[in-house]
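Note sheet for the following structure.
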Amino acid sequence: MTGRASAGAPNIAVVGSANLDIVVPVQRHPRLGETVLGGDYYRAPGGKGANQAVACARLGAVTRFVGCVGDDDIGASLRQELLDNHVDVTNLVTLADTPSGLALIVVDGQGENTIV
Numbered sequence: 004m005t006g007r008a009s010a011g012a013p014n015i016a017v018v019g020s021a022n023l024d025i026v027v028p029v030q031r032h033p034r035l036g037e038t039v040l041g042g043d044y045y046r047a048p049g050g051k052g053a054n055q056a057v058a059c060a061r062l063g064a065v066t067r068f069v070g071c072v073g074d075d076d077i078g079a080s081l082r083q084e085l086l087d088n089h090v091d092v093t094n095l096v097t098l099a100d101t102p103s104g105l106a107l108i109v110v111d112g113q114g115e116n117t118i119v
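Counting in the numbering used here, the sequence shown runs from 4 upward without gaps.
Right, dumping it as structure tokens:
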């Protein structure tokens, strides 16, 4: 933890998921069994819990994240992203022989998404 929070800042622990989001824009969502052309994809750190922890830290709270990642490059990247955002990762467990979480997100032209 880098101690970025101000004196008297709230202490927050967030329990949740940390995932790598792979986001693909589409004109519209496919019907069952249909293939649609996607635009350029991008990758971003995500997960409901990790996103909340980063938001709390950015608002000045002393923030700790409690969760798990796999022992792979994605897990290392997610851990570093939390650290870079001043989130304490003391309770972020790395699980041996386990892949980190991925979220496959399809976003249509109106901003509606589906997530796997």
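Backbone N, C-alpha and C define an ideal beta-carbon position, used for all residues, glycine too.
Considering only the beta carbon of each residue, do residue i and residue j sit closer than 8 Å?
{"i": "N88", "j": "R67", "result": "no"}
{"i": "N94", "j": "G50", "result": "no"}
{"i": "V110", "j": "P48", "result": "no"}
{"i": "V90", "j": "V57", "result": "yes"}
{"i": "I25", "j": "I108", "result": "yes"}
How is the alpha helix (DSSP H) around residue i delimited, first residue to last?
{"i": "G78", "result": "D76 to D87"}
{"i": "G52", "result": "K51 to R61"}
Just how far apart, CA to CA, sit residue i and residue j?
{"i": "E37", "j": "R31", "result": "11 Å"}
{"i": "P102", "j": "P13", "result": "33 Å"}
{"i": "T5", "j": "G112", "result": "Low confidence applies here, because T5 scores a pLDDT of 46, under 50, leaving its location unreliable; read the following figure in that light. Roughly 40 Å separates the two Cα atoms."}
{"i": "V69", "j": "N116", "result": "27 Å"}
{"i": "C71", "j": "A79", "result": "11 Å"}
{"i": "G63", "j": "Q55", "result": "13 Å"}
In or out: residue i buried (at least 16 other Cβ within 10 Å) or exposed?
{"i": "V18", "result": "exposed"}
{"i": "L98", "result": "exposed"}
{"i": "G42", "result": "exposed"}
{"i": "R34", "result": "exposed"}
Over what stretch of residues does the beta strand (DSSP E) that includes residue i continue unbroken?
{"i": "G70", "result": "V65 to G73"}
{"i": "G104", "result": "G104 to V110"}
{"i": "A16", "result": "N14 to V18"}
{"i": "V27", "result": "N22 to P28"}
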